[in-house]
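*Asks:*
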Amino acid sequence: MQSNSQSPAHLTKVHYREDAVDSTSPYAIYTCKLLVDGQEVLTDQEGYILDMEAWSEGFADAQAAKEGLKLTDEHWQVIRFIRAFQEEHNVQAQVRDMIKHFREVWGPEKGSNRYLHDLFPMGGPQKQGNRIAGIRKTKGEH
């Protein structure tokens, strides 16, 4: 049995956050580093950016590559929509907002829940899209 002073082997490259050491959530106490254009950008363990001001298109490319996703023009349209919606309304866009917008832009076949989830297969546009767009995870999200 490992003592608390030892970290499991899979967490050896983890960076502990001072403000989260006393947290009851085991996932809140560490961050990960993503190399973006020669600079380290901190994310939580799921890839959500910690400092939204640190987001760049380079971050989006790096996070997408980490998740095995090659960004196309359609991905970028969704990413830009997510970012613009967050900036304008100060809340995350819901999937129904995305569907409504992209149905008008792309037509009914591509402007659908299914197509948006095909574009972002690891959690859909609201989870994977938000991670790549540099939008933080909402409190109620699991």
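Counting in this note's numbering, the sequence shown runs from 4 upward without gaps.
By construction, the Cβ of each residue, glycine as well, lies at the ideal position given by its N, Cα and C atoms.
Can you give the beta carbon distance from Gln131 to Glu70, rounded, assuming they're within the 8 Å contact cut?
*Replies:* With a Cβ gap of about 7 Å, Gln131 and Glu70 count as contacting.
*Asks:* What is the DSSP secondary structure of Tyr33, reduced to helix, strand or coil?
*Replies:* The answer is strand: DSSP assigns Tyr33 an E or B state.
*Asks:* Give me the Cα-Cα distance between Val94 and Gln66, rounded to the nearest whole angstrom.
*Replies:* About 21 Å.
*Asks:* Note down the Cα distance separating Ala87 from Ala96, rounded to an integer number of angstroms.
*Replies:* C-alpha separation (whole angstroms): 9 Å.
*Asks:* So the alpha helix (DSSP H) Leu146 belongs to, where does it begin and stop?
*Replies:* Here the chain has residues from 4 to 145 only, and residue 146 is not among them.
*Asks:* Our contact map puts Ile102 next to Gly110 with C-beta atoms below 8 Å; I'd like the distance itself, whole angstroms only.
*Replies:* Between Gly110 and Ile102 the Cβ distance is about 12 Å, and since that is not below 8 Å, they are no contact.
*Asks:* Quick one: what's Gln42 bridged to in DSSP?
*Replies:* DSSP lists Val39 as partners of Gln42.
*Asks:* From Ser28 to Ile135, what does the alpha carbon distance come to, in whole angstroms?
*Replies:* Unreliable positioning characterises Ser28 in this predicted model, as indicated by a pLDDT of 42, which lies under 50. The coordinate reading is nonetheless provided below. Answer to the nearest angstrom: the Cα atoms are 24 Å apart.
*Asks:* Can Phe62 and Leu37 be called in contact, C-beta distance under 8 Å?
*Replies:* Result yes, Cβ atoms of Phe62 and Leu37 sit closer than 8 Å.
*Asks:* Is Ile135 helix, strand or coil when you go by DSSP?
*Replies:* In the structure shown, Ile135 sits in a helix (DSSP, three-state: H, G or I).
*Asks:* Can you find the residues in the same chain that come closer than 8 Å, C-beta to C-beta, to Val108, ignoring five residues on each side of it along the sequence?
*Replies:* Same-chain partners within the cutoff: Gln80 and Gly114.
*Asks:* As a quick exercise: from Ser59, Asn116 and Thr46, pick the residue whose alpha carbon is nearest that of Thr34.
*Replies:* Checked all of Ser59, Asn116 and Thr46; the closest Cα to Thr34 is Thr46.
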